[in-house]
Amino acid sequence: MLNKTLNDTSEAALCDLEESYKHILLPLAYSVVFVLGLLLNGAMLWLCCCHTKEWTCTTIYLVNLAVADLLYVFSLPLLIINYAMQDIWIFGELLCKLVRFLFYNNLYGSILLLTCISIHRFLGICYPIRSLAYKTRKLAIIGTAVSWILVLIQVLPSLIYARTGFINNRTVCYDLTSPDNFNNYYLYGMVLTVFGFLCPFLIILICYCLMIRSLIQTTGKTNITSSAAQAKSIRTILLVCGLFALCLAPFHITRAIYLYVRVHQKADCRLLHRATLLYKIWRPLVGLNSCFSPLLYFLSGQTNTVRLILELRLHKQPGVTI
């Protein structure tokens with residue numbers, strides 16, 4: 001324990017990083033994500049479980065997304081308290097590991113499930129007849145199970161790397177890992193970026209490029225039903241691309257820069273400060289992806305259930321018409 005404390009202190013002394021912004025920004029950002037994520041995902045699960053008789057493939061993927069989002073959202077109060085207390089961790093090492101694990105489980109689970117949704121949309125748009133045999137709920141469940149297995153393989157090492165330590169006589173829960181283990185984490189973090197983010201992103205990008213080409217080729221040649229399906233696909237494309245552009249890509253870029261600087265340029269305090277600032281600003285913002293699956297549910301044409309519920313409730317009230 002003494003060696004761990006000395007390592008942490010010497011690492012901090014090399015560059016005196018000012019991170020007081022965390023004590024305001026992070027509790028505020030995580031509080032917003034907690035409230036929005038809890039309300040939106042809770043409402044979506046309620047609609048799916050209580051008011052949806054027959055689940056589609058997309059519903060299966062989105063429900064899994066919502067469950068992962070809620071598990072992450074339930075861990076946020078611990079982080080809110082931690083940063084509000086000036087980055088003092090009081091919950092023990094086990095919960096430290098669990099909080100970090102749930103973050104990455106949600107992040108990379110969301111990415112792989114979005115990849116499944118994108119492939120599903122791609123098959124429906126580009127191969128509408130031939131893909132019917134593959135667009136079944138059984139295969140959607142299998143795809144979901146495989147996705148979670150891959151996610152667990154990717155993020156289980158985070159349980160090993162995540163740990164508590166002492167800095168300036170305070171117990172902290174390290175964001176990535178302890179300073180003495182950072183060189184080992186560097187390789188893992190880069191591999192996770194490539195296989196957890198970059199490869200799925202390329203698959204999604206290829207699917208959407210082919211979908212856009214197919215939609216352009218069929219514009220003006222379809223009936224009203226097909227046009228509605230095209231509009232739903234376009235909304236999905238815009239929403240997923242927006243998520244990657246605003247949340248996921250900036251986070252992985254800033255984290256990769258931060259990892260590189262921490263390992264190869266840590267003596268350059270000015271560069272390290274900038275890399276740290278960028279990464280730690282984007283880290284809570286990437287948590288907004290936990291509010292994404294309900295938006296995808298409502299904007300991708302799944303709102304008929306909501307309208308039906310409202311109609312039934314209004315019809316129960318005498319004298320009320322729609």
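Take the sequence shown: its position 126, counted from the start at 1, is 126 in UniProt numbering, and no numbers get skipped.
Note that CB positions come from ideal geometry on N, CA and C, so glycine has one too.
Leu94 and Ile160 have their C-alpha atoms spaced approximately 11 Å apart. Check the Cα spacing between Ser75 and each of Gln86, Lys97, Tyr61: the tightest is with Lys97. C-alpha of Cys173 to C-alpha of Val286: approximately 19 Å in a straight line. Of all C-beta pairs linking the region 182-196 to the region 114-128, fewer than three are shorter than 8 Å, placing the two stretches out of contact. A Cβ-Cβ separation of about 6 Å places Phe34 in contact with Val73 under the 8 Å criterion. In the displayed model, Phe91 falls within coil according to three-state DSSP, outside both helix and strand. Around the beta-carbon of Cys207, 16 or more other beta-carbon atoms lie within 10 Å, marking it buried.
Every alpha helix (DSSP H) of 4 residues or more that sits fully in the region 229-307 is shown, in chain order, as 249-264, 269-286, 292-299.
In terms of CA proximity to Cys241, Ile212 leads the group Ile212, Thr56, Leu79, Val155. In chain order, Pro284, Leu285, Gly287 place their CB closer than 8 Å to the CB of Ala29, counting only its own chain and leaving out the 5 sequence neighbours on each side. Short of 8 Å from the beta carbon of Ser131, and not among the five residues preceding or following it, lie these beta carbons of its own chain, in chain order: Leu123, Gly124. Counting along the chain, Val194 sits inside no beta strand (DSSP E), nor does DSSP assign it H or E at all. For Ile203, the uninterrupted alpha helix (DSSP H) run begins and ends at 199-218, by DSSP. Counting along the chain, Thr58 sits inside no beta strand (DSSP E); it lies in the alpha helix (DSSP H) bounded by residues 57-84. Annotated as distal: Leu62 and Tyr260, with beta-carbon spacing of 8 Å or more. CA-CA distance, Trp46 to Leu113, rounds to 20 Å. In this structure Cys209 is exposed. Its beta-carbon is surrounded by fewer than 16 other beta-carbon atoms within 10 angstroms. With contacts defined by Cβ atoms closer than 8 Å, Asn41 and Leu78 do not form a contacting pair. Residue ranges of uninterrupted beta strand (DSSP E) with 3 or more members, entirely inside the region 139-167 and ordered along the chain, are 164-167. Here DSSP, grouped into helix, strand and coil, assigns Cys48 to helix.
According to DSSP, Cys173 shares a beta bridge with Thr164. By the Cβ neighbour-count rule, Arg170 is exposed, with fewer than 16 other Cβ atoms within 10 Å of its own. Taking each of Gly165, Tyr188, Thr115 in turn and checking the Cα distance to Leu65, the smallest one comes out for Thr115. C-alpha of Gly143 to C-alpha of Leu239: approximately 22 Å in a straight line. With at least 16 other beta carbons inside 10 angstroms of its own, Cys57 counts as buried.
Take the alpha-carbon of Met44 and the one of Pro294: they are about 6 Å apart.
The shortest CA-to-CA distance from Cys247 to any of Arg255, Thr236, Ile204, Asn289 is the one to Asn289. For Cys269, same chain residues with a beta-carbon under 6 Å away, outside a window of 5 residues either side, are Cys15 in chain order. Residue nearest to Glu18 within the set Leu39, Leu38, Gln86, Lys53 is Gln86 (criterion: CA-CA distance).
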